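Q:
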Amino acid sequence: MPTHSGDSATPQPVFVDVDTGVDDAMALAYLFASADAEVVGIASTAGNVGVDQVCQNNLGLLGLCGVNGIPVSRGADGPVASMLRTAEDTHGPQGLGYARLPPADCRLTAHDAAEAWIRAAHAHPGELIGIVVGPLTNLALALRAEPALPTLLRRLVIMGGAFDYRGNTTAVAEWNVSVDPEAAAEVFAGWGAAWGSGDEQRAPGHLPIVLGLNLTENIAMTPALLSRLAAAADSPTAPMSVLDDRGTRSVAANPLIRVLEDAMRFYFEFHFDQGEGYLAHLHDPLAAAVALDPDFVRYRQTTVDVELTGSLTRGMTVADWHGRWGRDPNALVGVEVDPDVFFDRFIARVGEFARRLG
């Protein structure tokens, strides 16, 4: 059975699909640090970097965090119907900025990530919490093989899309959806089809929680918050500054804090170069936190679809807020969050976890 450190809270089985990625790594650290989470599987998705690098990052993080027994599965090489684009400019050539992970000493599962989704759902029927913080490729493939998958999950949280908000990849499209818009469209359609129409479909517990850029860009990590994390881990470090030389490495003694700081510095530099300030948006850790505690966020129930053919709008997530399509709702879209509440919990959990590792 997977093991992790934490307090005495009852753990919830969690299956997480990632394209690790700086903020994916932060999300995994949060889950490993959470006593109310038992991570029962990790799916590796091509996205921020290629799928083989994502696999190595996931295995390396397990080793760094001293977490044993969590199966890691390799996903598809690319999207279901288009060419893969990756984001080394955002996350670094290996996906984790300037950080370097220890060599992985465990192996991938013999089955692929889509099969891993199905196995986890059948092993924990009605209990499993699914989290997708990368492109939805693996989940779409799992739905093709097991259309009843939505009925087996307790909850699904998706980090993706942008609702009444600008995109971060095109003018209107968010990264995860834009990498594989066909997969995203399949997932939103598949969730509705699995439950059918009528009142049962409208039950909020059966609708995926969707956290778009309109919400996640409120979660801005700063050098001051990163220093709070290091202090919580009892690992004094040099505060980061936009005046530092590019690529300055962390001096933290704690191995997890050192990796997170080296990863975050690259992320800070990218956001600064984009004109957003010396900060970084923690999209994926928010999704991990919401998966364990949905009360973090206020939602609106709606129907979501993905534009696939527009020459200017491909990958745009469209929410039918007023029901003009005449379709049943298929999503709870996050519309409000308190960043202070999130960061207080993130720093407390990951800081204590890192301290125990150090």
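Going by the numbering used here, the letters in the sequence shown line up with residues 683 to 1040, in that order.
Every residue gets a Cβ at the ideal spot worked out from N, C-alpha and C, and that includes glycine.
The model shown is predicted, which means the values in this text are computed figures rather than measured ones.
1. CB D1002 to CB T984, shorter than 8 Å?
2. Please list, in chain order, all residues of the same chain as P784 whose beta carbon is under 7 Å from its beta carbon, the five residues on each side excluded.
3. Assuming the contact rule is C-beta atoms closer than 8 Å, E856 and A822 should be a hit. Round their C-beta distance to whole Å, please.
4. List, from N- to C-terminal side, the alpha helix (DSSP H) runs of 4 residues or more that fit wholly inside the segment 878-932.
5. Who are the Cβ neighbours of V696 in its own chain at under 7 Å, not counting the five residues just before and after it?
6. Would you report the Cα separation of G757 and V986, rounded to the nearest angstrom?
7. T833 to Q694, Cα distance in whole Å?
8. Under the DSSP definition of a beta bridge, which residues are partnered with H773?
9. Quick one: what does DSSP say P863 is sitting in, helix, strand or coil?
10. For R763 and H965, what's the separation of their Cα atoms in angstroms?
11. Considering only C-alpha positions, which residue in the set P807, G872, G842, F870 is nearest to S860?
12. Got a sec, what are the start and stop residues for the alpha helix (DSSP H) Q956 sits in?
13. Taking the beta strand (DSSP E) that V721 falls in, what are its first and last residues?
14. Just how far apart, CA to CA, sit E809 and G929?
15. Could you name the residues of the same chain whose beta carbon sits closer than 8 Å to that of A786, not counting the 5 residues immediately before and after it, in chain order?
16. I need the straight-line Cα distance from M683 to V749, nearest angstrom please.
17. Going by C-alpha to C-alpha distance, which of I840, L838, W873 sits closest to D1010?
18. When the Cα of F952 is compared with those of R1037, A711, G779, which residue comes out closest?
19. Taking 8 Å as the threshold (C-beta atoms), are T919 and A934 in contact?
A: Checking against the coordinates, here is how it stands:
1. For D1002 and T984, yes; Cβs fall inside 8 Å.
2. Once the five neighbours on either side are set aside, the close Cβ partners of P784 are G742, G745, L746.
3. So it is not a contact: roughly 17 Å between Cβ atoms.
4. With a minimum length of 4 residues, the continuous alpha helix (DSSP H) runs that stay inside the segment 878-932 are 881-884, 895-898, 905-914.
5. L713, A719, E720, V721, V722, I811, I813, A973, listed in sequence order.
6. Each residue's Cα considered, the two are about 25 Å apart.
7. Near 17 Å, if we compare the C-alpha coordinates of Q694 and T833.
8. Its beta-bridge partners do not exist; DSSP assigns none.
9. Here P863 sits in helix by DSSP.
10. Checking the sequence shown, residue 763 turns out to be Ala, not Arg. Straight-line measurement puts the Cα of H965 at about 25 Å from the Cα of A763.
11. The residue among P807, G872, G842, F870 with its C-alpha nearest the C-alpha of S860 is G842.
12. Counting along the chain, Q956 falls outside any alpha helix (DSSP H), and DSSP gives it neither H nor E.
13. 719-726 is the extent of the beta strand (DSSP E) around V721.
14. Their Cα atoms are separated by approximately 43 Å.
15. Correct list, in chain order: Q738, L741, G742, L744, G745.
16. Any reading at M683 needs caution, since the residue's pLDDT is 34, under 50, leaving its predicted position unreliable; the model's value is listed next. Using only the alpha carbons, I get a separation of about 11 Å.
17. Comparing Cα positions, the closest option is W873.
18. Of all alpha-carbon atoms in R1037, A711, G779, the one lying nearest the alpha-carbon of F952 is that of G779.
19. In this structure, T919 lies closer than 8 Å to A934 by Cβ.
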